[in-house]
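There are 2 protein chains.
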Amino acid sequence: MSADGVIRVGVLGFGGLGQAAARILEPKTQMKWIAVADRKGYAYNEAGLDGDACIATVRDRGSVGYVDPYGTLSNNSLQELLEKANADGYFLALPNLPNTFMADVARMFIHSGWRGVLVDALKRTSAVEQLLQLQYQLQAAGITYMTGCGATPGLLTAAAALAAQSYAEIHSVKITFGVGIANWEVYKATIREDIAHLPGYDVDKASQMSDLQVEALLDKTNGILALEGMEHADDIILELVGICDRDRVTVGGVVDTRNPKKPLSTNVKVTGRTFEGKISTHTFTLGDETSMAANVCGPAFGYLKAGKTLHRRGIYGLFSCAEIMPQFVS
Amino acid sequence: MSADGVIRVGVLGFGGLGQAAARILEPKTQMKWIAVADRKGYAYNEAGLDGDACIATVRDRGSVGYVDPYGTLSNNSLQELLEKANADGYFLALPNLPNTFMADVARMFIHSGWRGVLVDALKRTSAVEQLLQLQYQLQAAGITYMTGCGATPGLLTAAAALAAQSYAEIHSVKITFGVGIANWEVYKATIREDIAHLPGYDVDKASQMSDLQVEALLDKTNGILALEGMEHADDIILELVGICDRDRVTVGGVVDTRNPKKPLSTNVKVTGRTFEGKISTHTFTLGDETSMAANVCGPAFGYLKAGKTLHRRGIYGLFSCAEIMPQFVS
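Quick mapping for you: the protein sequence lines, in order, are chains A and B.
Under the working numbering, the first residue of the first sequence is numbered 1, with each subsequent residue one higher.
Under the working numbering, the first residue of the second sequence is numbered 331, with each subsequent residue one higher.
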């Protein structure tokens, strides 16, 4: 943390989520965005980066490495940025594919000697399983790693953990999301991750699809991706905090890639039995006007701030969205 | 904590909430109910108390001090219990009236030399203000005090703190509760607290009402208490964590004292502006079949468990429901 108490934040990955993260951080007084990296380069300025300039540069030239005068082109951008930048925490707005990517990045941080807060908005159960194996290494390295801290897992998982409090036993947690985006090309990585959940597809197949192949698939479905029984880490996260077995947690949703209006209201329903033997359901519903970017990046920085409080107290290791209350960032 | 990792819990106050607390703890393996006090006595057994026996004793004889063989009659029951019992944490299921009661009890704990976790389910803003003045004394005493950890403030406030994460700015937090109870006499203290919120009433006037006077009032309203703009600590709790000014938080509701069915679904609505400038509202709604007891005592023990984790790490002082994620108690 800088002398003025402002948390200096880096963003790794600068696709749709990374760019939204930059815009979210812009008006904040408690956080300052000082570092960013994508696959081809990085940019760093201790006094703060300009979101509009970075977004325009990526749109026109393809990498934050071209940002004038703070950018550097590099084939080893994450590592080089990490060596140079003086960030208190990083938001890992990286693609979830390949599925080992988040754990690889965590390993890079562990070996670098950097100490601070990491936050991811990963999606898959298996990605959390890989991070669990790094738990003690993260702790020993002085890293407070907050996993699954986007929307789902993230905001909705945390809401489920809260809702569970009224019940003696949890029967089901059902997350149903609606996403509407005007143009899939702004969220290329995210849409490929969604496609990987469709019958007949997997992570490898989806990540190898060309943009034209994605277009062709979306043409067939009228731009709609209907997803059921998705591998989402909400299940392992709720199991780890003892709320219910992972097979009681289901995640599904409808993504409209051609309309910013959500096809349905994103919600989580928690059904359980109270101590008196009543069966009931609590529901947490997101406002339709809130975007995926707002519901992912907002919580991510809320968890980063909470992670910073833990880190300051010397509490390191791996934490999930269902263990820690995110803090509001002004 | 006992050698087997079980959290030993005491309950102070044994009206409707305290009795529900005993029933909620009964099947738990991670917590054991070992101590209880009411105004006229206390009961303590290191091996665990029997909820049914205690409830029957209070019904028949008026105090847990008569519980055979663990009860003791005392005019100084809280203090005496505290000296004898070996509890890791206490749930303060005490009346909110007089309004200084919770802070007085906290002071008693501070001066006793006892170290552990306290959880209250208080209601009023002014009660939290009094506790805030004890913040450093609690810390110095080695007490981790979790305040406002019932339903509202508590579960709904925490849900509001989560919901706020999607927004750059919070415009309003609106809590509306519905409560249905078959018979007001089981919740005499709570109903008096509700009456104190009605126009023409205050805390003193309500607490001095006889049962017959309460009956007469309820006869006039057909058993319904409609409450608006209530002084509820949700406002100060959300202000303290920086989510919004307290005047943006409103609490109201409808209590039906003659029907266990809720007159409306309890909910919290959080309205804000996203970073893109959209105004939207997230809603968290409690299932109608869940009772006030389940929604208050469930979270209270979830926060007690979370408080125990803090306490074990040497983190003492005053915390609210909007700062800490409650943990699920099995």
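Each residue gets a CB set at the ideal place from its N, CA and C atoms; glycine is no exception.
Integer-rounded CB distance, given that residue j should sit under 8 Å from residue i
i: D88 of chain A; j: I143 of chain A; result: No, D88 of chain A and I143 of chain A are not in contact; Cβ-Cβ is about 12 Å, not under 8 Å.
i: G253 of chain A; j: G178 of chain A; result: 6 Å
i: P357 of chain B; j: Q165 of chain A; result: So it is not a contact: roughly 16 Å between Cβ atoms.
i: G647 of chain B; j: Q469 of chain B; result: 4 Å
i: G371 of chain B; j: S393 of chain B; result: 4 Å
i: G343 of chain B; j: L452 of chain B; result: Not confirmed; about 12 Å, so no contact.
i: A233 of chain A; j: V128 of chain A; result: 4 Å
i: T290 of chain A; j: N267 of chain A; result: Contact doesn't hold; Cβ gap of about 12 Å is too wide.
i: A20 of chain A; j: C297 of chain A; result: 5 Å
i: A481 of chain B; j: L568 of chain B; result: Contact doesn't hold; Cβ gap of about 15 Å is too wide.
i: N96 of chain A; j: R61 of chain A; result: At roughly 25 Å, the Cβ-Cβ gap does not stay under 8 Å, so N96 of chain A and R61 of chain A are not in contact.
i: M361 of chain B; j: V659 of chain B; result: 6 Å
Nonlocal neighbours in the same chain, by C-beta distance under 8 Å from residue i, ignoring five residues either side
i: E276 of chain A; result: none
i: A512 of chain B; result: R588, N589 and P590
i: I315 of chain A; result: T144
i: N222 of chain A; result: R258
Sequence-distant residues of its chain with Cβ nearer than 6 Å to residue i (five each side left out)
i: T281 of chain A; result: K269 and T271
i: M476 of chain B; result: V449, Y633, G637 and F649
i: G16 of chain A; result: V186 and Y187
i: P593 of chain B; result: G508, V584 and D586
i: A163 of chain A; result: V270 and H282
i: S172 of chain A; result: R248 and T271
i: A519 of chain B; result: G345 and P425
i: L218 of chain A; result: T257
i: V447 of chain B; result: G419, T474, L634, G637, K638 and H641
i: A322 of chain B; result: Limits of chain B in this structure are 331 at one end and 660 at the other, which puts residue 322 of chain B out of reach.
Cutoff 7 Å: residue i Cβ touching any chain B Cβ
i: A294 of chain A; result: yes
i: L264 of chain A; result: no
i: L138 of chain A; result: no
i: G298 of chain A; result: yes
i: I24 of chain A; result: yes
i: E323 of chain A; result: yes
i: E289 of chain A; result: yes
i: G302 of chain A; result: yes
i: L155 of chain A; result: yes
i: G242 of chain A; result: yes
i: L286 of chain A; result: yes
i: L162 of chain A; result: yes
Test: residue i CB closer than 7 Å to a CB of chain A
i: K638 of chain B; result: no
i: E569 of chain B; result: no
i: S610 of chain B; result: yes
i: Q495 of chain B; result: yes
i: S660 of chain B; result: yes
i: T551 of chain B; result: no
i: T342 of chain B; result: Checking the displayed sequence, the identity of residue 342 of chain B turns out to be Leu instead of Thr. So no, L342 of chain B is outside the interface.
i: A489 of chain B; result: yes
i: T604 of chain B; result: yes
i: P656 of chain B; result: yes
i: T613 of chain B; result: yes
According to DSSP, residues forming a beta bridge with residue i
i: G446 of chain B; result: B:I473
i: V503 of chain B; result: B:V579 and B:V600
i: W363 of chain B; result: B:V339
i: H527 of chain B; result: Note: H527 of chain B sits in no beta bridge, so no partner.
i: G89 of chain A; result: A:V9 and A:V117
i: T615 of chain B; result: A:T283 and B:N597
i: I554 of chain B; result: B:D586
Cutoff 7 Å; reference residue i; Cβ partners in own chain excluding five residues on either side
i: W114 of chain A; result: L82
i: V397 of chain B; result: A373, A383, C384 and T387
i: A85 of chain A; result: G10, I34, A35 and Y44
i: Q467 of chain B; result: I440
Local Cβ density within 10 Å of residue i, reported as buried at 16 or more and exposed below that
i: E185 of chain A; result: exposed
i: R312 of chain A; result: exposed
i: Y70 of chain A; result: buried
i: D4 of chain A; result: exposed
i: G484 of chain B; result: buried
i: E323 of chain A; result: buried
i: G559 of chain B; result: exposed
i: D194 of chain A; result: buried
i: A556 of chain B; result: exposed
i: A216 of chain A; result: exposed
i: N405 of chain B; result: exposed
i: T604 of chain B; result: buried
Proximity test, Cβ basis, 7 Å: residue i and chain E
i: T474 of chain B; result: The question asks about chain E, but that chain is absent: this structure's protein chains are A and B.
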